[in-house]
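From first to last, the protein sequence lines are chains A and B. Quick note on numbering: this note's numbering labels position 133 of the first sequence as 470, and the sequence is numbered without any gaps. Quick note on numbering: this note's numbering labels position 301 of the second sequence as 638, and the sequence is numbered without any gaps. C-beta atoms are modelled at their ideal positions from N, C-alpha and C, and glycine is treated no differently. This report refers to the structure that appears directly beneath it.
2 protein chains.
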Amino acid sequence: MGIARVEAVFHVRSESQSVEARARAIAIEQSVEMPLEAIDDPAILREIAGTVEGIRDLGGGLFEVRIGLAVATIGADAGQLLNMVFGNTSLQEDVLLHDVILPPELEVAFAGPRYGLAGLRRFVGARGRAMTCSALKPQGLAPERLAELAGRFARGRIDFIKDDHGIADQPYAPFAVRVPAIAAAVRRASEVSGHPTRYLPSLSGDLDRMRRQLRIAREEGLVAVLIAPVIAGVATLQVLAHEWPGIAFFAHPTFGGAARISPALLIGKLFRLFGADAVIFPNFGGRFGYSPEMCRALAGNATALNPRLAASVPVPAGGMTRERVPEILDFYGPDTMLLLGGSLLATGAGLTEATLAFTEAVARHEQGPG
Amino acid sequence: MGIARVEAVFHVRSESQSVEARARAIAIEQSVEMPLEAIDDPAILREIAGTVEGIRDLGGGLFEVRIGLAVATIGADAGQLLNMVFGNTSLQEDVLLHDVILPPELEVAFAGPRYGLAGLRRFVGARGRAMTCSALKPQGLAPERLAELAGRFARGRIDFIKDDHGIADQPYAPFAVRVPAIAAAVRRASEVSGHPTRYLPSLSGDLDRMRRQLRIAREEGLVAVLIAPVIAGVATLQVLAHEWPGIAFFAHPTFGGAARISPALLIGKLFRLFGADAVIFPNFGGRFGYSPEMCRALAGNATALNPRLAASVPVPAGGMTRERVPEILDFYGPDTMLLLGGSLLATGAGLTEATLAFTEAVARHEQGPG
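See below:
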């Protein structure tokens, strides 16, 4: 019986004659971080030191390098997982972290989303269809202006309305003033529309400040919030998802794409593992540079069947327009949530009507060949 | 009188005929995140929307783009600063964040290091000389083995001993067992050596777990700890530096180099701003790819004279050997701390003697032309 290991899959740019040495160096860097010959304890060499599990030539000077890392070095701490799979190696220019394969016991320990795809659908009564989302912006608006926008989105029967991720706790719209105002506006509009639109405020600051914000959200009857795991710290998402069972967590990718780490891995797989019920990411063809293949891999990671982890909802976003709704739904299928922000807001006085057209287009979409 | 702004300096890969539009798009992305023509509030256009402050051709298809971002959108929250200067733009492949220039009031609000260069020197009685540091590893060692190593380092009159950044709270060396054992060994050895060697344990997990770890550190009389700001969340460093006035914070770069953000900015300037008393970074010529120019810029940012911010200690590290001590000291000057880990540990039975040779080489070094 071997040691339980996490497998980290790197893409390494290297000469073919030096790639084996490079792989061994990565295995050391991400585990014992010192020369093996200076380690006199055989148990550490056997059970703790990283192992080269495989090297494959991908062509063009690129190699896939698979490194085994002892589960014992990680435990069930999200931050320590990032630290062990890509901590120091993130500082080396020739390496990209492509994937991480976890043993089942670690998936069980991390637990993943509490609500996920099925839970978010229940919140908004969406049966077998894609969900819809929009964003409150621009930042700088006062709470009553944001509340008014939210009410108009809700009258358009949108499923979720999120704070723009730039909206934090600024003096022009403090969390404690903004969130009750917006929540009330959404409640009133939902009573009129008959659709249970859900508002999710954006958390910011340190863990304690986020807890204060969550208490306000709970007092307002909200069921979901937005968090930016790479800025907040992934352990912050992990602990909040654990200690707030009544709240679903949407993960925003801000600052996360900065990494030389595959977005499909970080956003689709790891944010899910750490407890995100929905993961927002830049759709292809918008104002960000992700390819259709990367988006498909990311959504695939978020929703892949796993008996130990609920699916996260993939939320493509970023400069999309209503005209693209059929194409996007054909691409992602119904297990998704579409986020349109600026293109709805740009309709000005026609916001509710534009939102209705968006939500109806999603609701009546017949799945294409996909 | 203008609006108080943070200036974010990007390096953008672009065609020259499209760079102005690209710059405007970045200014929008990092502020209001919606088309300006859809904003009907003149105060938001004037006071909140990002501004293009300058564009300069750097040659070779690269442009320096300077964007002004309203201080009002940031406040004094470290996470929100990262969010506003590079949140969504980090997801775009053609852009690197090169620098951030803060108005004085924001530097005052963030406060920076409490101890910094002068404070850490006082802790170890180092007058006008470079300081020394080593690391306890490999991980997998039991507390008594780590304590024994620490005692031998301390008998070699090293200034600081840190946990390897991979050492967290694993079952083979739990924080609550390891830290008292190591602290006791260092105290005993310091009494023998007469040198006040300081041990710094590595914090891990979420904010609450770090606070529990800090309480243990304080009970053991420790004066410094190690934290990884990009993994912990920069707001976690910020709040801990504020609420633990008796503790100095060393920042580890793990996972931080993953970003398309200049290390000189992230590690040298921003970690300092957020309260790191010392910043560890990969030295040139070791096993990481930073250039001498990048290291000089990073150390320069950490120590640049600033009436509002104490200097952070630049701590070059990563695969260095004793033979390089004179060269490294000539390069960085005395306002630095040298970190040698594996190359000392590899001496095995000669660890104390090797450490003594290292600390003496640093102490007697006559500054070269630098």
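(message) Which runs of the alpha helix (DSSP H) at least 4 residues long sit entirely within the segment 570-599 of chain A? Give them in chain order.
(response) 571-580
(request) Mind checking the segment 596-622 of chain A against chain B and listing, in chain order, the residues whose C-beta falls within less than 9 angstroms of any C-beta there? (result) 596, 597, 598, 600, 618, 619
(message) Would residue 568/B and residue 419/A qualify as a contact pair, given that the criterion is a beta-carbon distance under 8 angstroms?
(response) As a working mapping, residue 568/B is identified with position 231 in the second sequence. As a working mapping, residue 419/A is identified with position 82 in the first sequence. Result yes, Cβ atoms of residue 568/B and residue 419/A sit closer than 8 angstroms.
(message) By the three-class DSSP mapping on this structure, what secondary structure does residue 402/B have?
(response) Looking up residue 402/B in the second sequence gives position 65. DSSP places residue 402/B in strand when its eight states are reduced to three.
(message) Just to confirm, is the Cβ distance from residue 462/B to residue 647/B under 8 angstroms?
(response) The residue given as residue 462/B occupies position 125 in the second sequence. The residue given as residue 647/B occupies position 310 in the second sequence. No.
(message) Taking 8 angstroms as the threshold (beta carbon to beta carbon), is residue 474/A in contact with chain B?
(response) Counting from 1 along the first sequence, the entry for residue 474/A is found at position 137. Output row for residue 474/A: interface = yes.
(message) For residue 535/A, report the span of its beta strand (DSSP E) as first-last.
(response) Locating residue 535/A in the first sequence gives position 198, counting from the first residue. From DSSP, the beta strand (DSSP E) with residue 535/A extends over 535-537.
(message) Determine whether the beta carbon atoms of residue 634/A and residue 601/A lie at a separation below 8 angstroms.
(response) On the first sequence, position 297 is the one that residue 634/A refers to. On the first sequence, position 264 is the one that residue 601/A refers to. Yes, these two residues count as a Cβ contact at 8 angstroms.
(request) Flag this pair as touching only if the segment 471-491 of chain A and the segment 688-701 of chain A have three or more C-beta atom pairs under 8 angstroms; answer yes or no. (result) yes
(request) Would you identify the three-state DSSP class for residue 605/B, choosing helix, strand or coil? (result) As a first step, residue 605/B must be located in the second sequence, where it is residue number 268. Three-state result, residue 605/B: helix.
(request) Counting only the same chain and skipping the five closest in sequence on each side, list residues whose C-beta sits under 8 angstroms from that of residue 456/B. (result) As a first step, residue 456/B must be located in the second sequence, where it is residue number 119. Cβ neighbours of residue 456/B beyond the five flanking positions: 450, 585, 614, 647.
(request) Measure the C-alpha to C-alpha separation of residue 606/A and residue 630/B and round it to an integer number of angstroms. (result) Residue mapping note: residue 606/A aligns to position 269 of the first sequence, counting from 1. Residue mapping note: residue 630/B aligns to position 293 of the second sequence, counting from 1. Between residue 606/A and residue 630/B, the C-alpha separation is close to 36 angstroms.
(request) Taking C-beta pairs closer than 9 angstroms, name the residues in chain A that residue 480/B reaches, listed in chain order. (result) In the second sequence, residue 480/B corresponds to position 143, counting from 1. Within chain A, no residue comes near residue 480/B; the closest Cβ sits about 14 angstroms away, beyond 9 angstroms.
(request) Report the neighbours of residue 587/B on chain A: residues whose CB is nearer than 9 angstroms to its CB, in chain order. (result) As a position in the second sequence, residue 587/B is number 250, starting the count at 1. Within 9 angstroms Cβ-Cβ: nothing; residue 587/B doesn't reach chain A, min ~15 angstroms.
(request) Answer yes or no: does any C-beta atom of chain A fall closer than 8 angstroms to that of residue 509/B? (result) Translated into positions along the second sequence, residue 509/B becomes position 172. With 8 angstroms as the cut-off, residue 509/B counts as an interface residue toward chain A.
(request) Determine, using beta carbons only, whether residue 371/A comes closer than 8 angstroms to chain B. (result) Taking the first residue of the first sequence as position 1, residue 371/A is located at position 34. Closer than 8 angstroms to some Cβ of chain B, the Cβ of residue 371/A qualifies, so yes.
(request) Could you tell me if residue 366/B is buried or exposed, where buried requires 16 or more neighbouring beta carbons within 10 angstroms of its beta carbon? (result) Your numbering for residue 366/B matches position 29 in the second sequence. Label assigned to residue 366/B: buried.
(request) Mind listing the chain A neighbours of residue 385/B? Cutoff is C-beta to C-beta under 7 angstroms, in chain order. (result) Reading the second sequence from its first residue, position 48 is the one you call residue 385/B. By Cβ distance, chain A contributes 475, 476, 477.
(request) For residue 699/B, name the three-state secondary structure that DSSP assigns. (result) In the second sequence, residue 699/B corresponds to position 362, counting from 1. In this structure, residue 699/B counts as helix in the three-state DSSP scheme.
(message) Counting C-beta neighbours from all protein chains within 10 Å, is the total for residue 531/B 16 or more, i.e. buried, or is it exposed?
(response) Here residue 531/B refers to the residue found at position 194 of the second sequence. So residue 531/B counts as exposed.
(message) Please report the straight-line C-alpha distance between residue 352/A and residue 702/A, rounded to a whole angstrom.
(response) By one-based count along the first sequence, residue 352/A stands at place 15. By one-based count along the first sequence, residue 702/A stands at place 365. Rounded to the nearest angstrom, the two C-alpha atoms are 50 angstroms apart.
(message) Could you pull the DSSP bridge partners for residue 471/A from this structure?
(response) Start at 1 with the first residue of the first sequence, and residue 471/A comes out as number 134. BP columns for residue 471/A point to 498/A.
(message) Which residue wins for smallest C-alpha separation from residue 556/B, given the options 514/B, 527/B, 587/B, 541/B?
(response) As a working mapping, residue 556/B is identified with position 219 in the second sequence. The residue with the shortest Cα to Cα distance from residue 556/B is 514/B.
(request) For residue 376/B, go through chain A and note every residue whose CB falls closer than 8 angstroms to its CB, in chain order. (result) For the purposes of this step, residue 376/B is identified with residue 39 of the second sequence, where counting begins at 1. The answer, in chain order, is 475.
(request) Since I believe residue 668/A is in contact with residue 681/A (beta carbons under 8 angstroms), could you give me their beta-carbon distance rounded to a whole number of angstroms? (result) Locating residue 681/A in the first sequence gives position 344, counting from the first residue. Locating residue 668/A in the first sequence gives position 331, counting from the first residue. Residue 681/A to residue 668/A, Cβ: 20 angstroms. No contact.
(request) Can you say whether residue 355/A is buried or exposed, counting buried as having 16 or more other CB atoms within 10 angstroms of its CB? (result) In the first sequence, counting from the first residue as 1, residue 355/A sits at position 18. Looking at its Cβ environment, which holds fewer than 16 other Cβ atoms inside 10 Å, residue 355/A is exposed.
(request) Take residue 341/B and list the residues in its own chain whose beta-carbon comes closer than 6 angstroms to its own, dropping the five residues that flank it on each side. (result) Looking up residue 341/B in the second sequence gives position 4. So the list reads 408, 440, once near-sequence residues are dropped.
(message) Which residues in chain B have a C-beta closer than 7 angstroms to the C-beta of residue 469/A? List them in chain order.
(response) Here residue 469/A corresponds to residue number 132 of the first sequence, with the count starting at 1. Correct list: empty, because the minimum Cβ distance to chain B is about 18 angstroms.
(request) Report the residues of the segment 420-431 of chain A with a CB closer than 7 angstroms to any CB of chain B, ordered along the chain. (result) 420, 421, 423, 424, 425, 427, 428, 429, 430
(request) Ignore the nearest five residues each way along the sequence and tell me which others in residue 432/A's own chain have a CB closer than 6 angstroms to its CB. (result) Taking the first residue of the first sequence as position 1, residue 432/A is located at position 95. Once the five neighbours on either side are set aside, the close Cβ partners of residue 432/A are 347, 349, 426.
(message) My output table needs one value for residue 710/B: the three-state DSSP class, helix, strand or coil.
(response) Any property of residue 710/B remains undetermined from this structure, which presents chain B solely from 338 to 707.
(request) Name the residue from 661/A, 562/A, 519/A, 547/A whose alpha carbon lies nearest to the alpha carbon of residue 416/B. (result) In the second sequence, counting from the first residue as 1, residue 416/B sits at position 79. Among 661/A, 562/A, 519/A, 547/A, the Cα nearest to that of residue 416/B is on 547/A.
(request) Return yes when the Cβ of residue 518/A is within less than 8 angstroms of the Cβ of residue 484/A, no when it is not. (result) By one-based count along the first sequence, residue 484/A stands at place 147. By one-based count along the first sequence, residue 518/A stands at place 181. Going by C-beta atoms, residue 484/A is nearer than 8 angstroms to residue 518/A.
(request) Report yes if the CB atom of residue 298/A is closer than 8 angstroms to the CB atom of residue 666/A, and no otherwise. (result) This structure cannot settle anything about residue 298/A, because the visible part of chain A is limited to 338 through 707.
(request) Using beta-carbon positions only, say whether residue 677/B and residue 471/B come within less than 8 angstroms of one another. (result) By one-based count along the second sequence, residue 677/B stands at place 340. By one-based count along the second sequence, residue 471/B stands at place 134. Yes.
(request) Closer than 7 angstroms, Cβ to Cβ, to anything on chain A: give me those residues from the segment 480-502 of chain B, in chain order. (result) 501, 502
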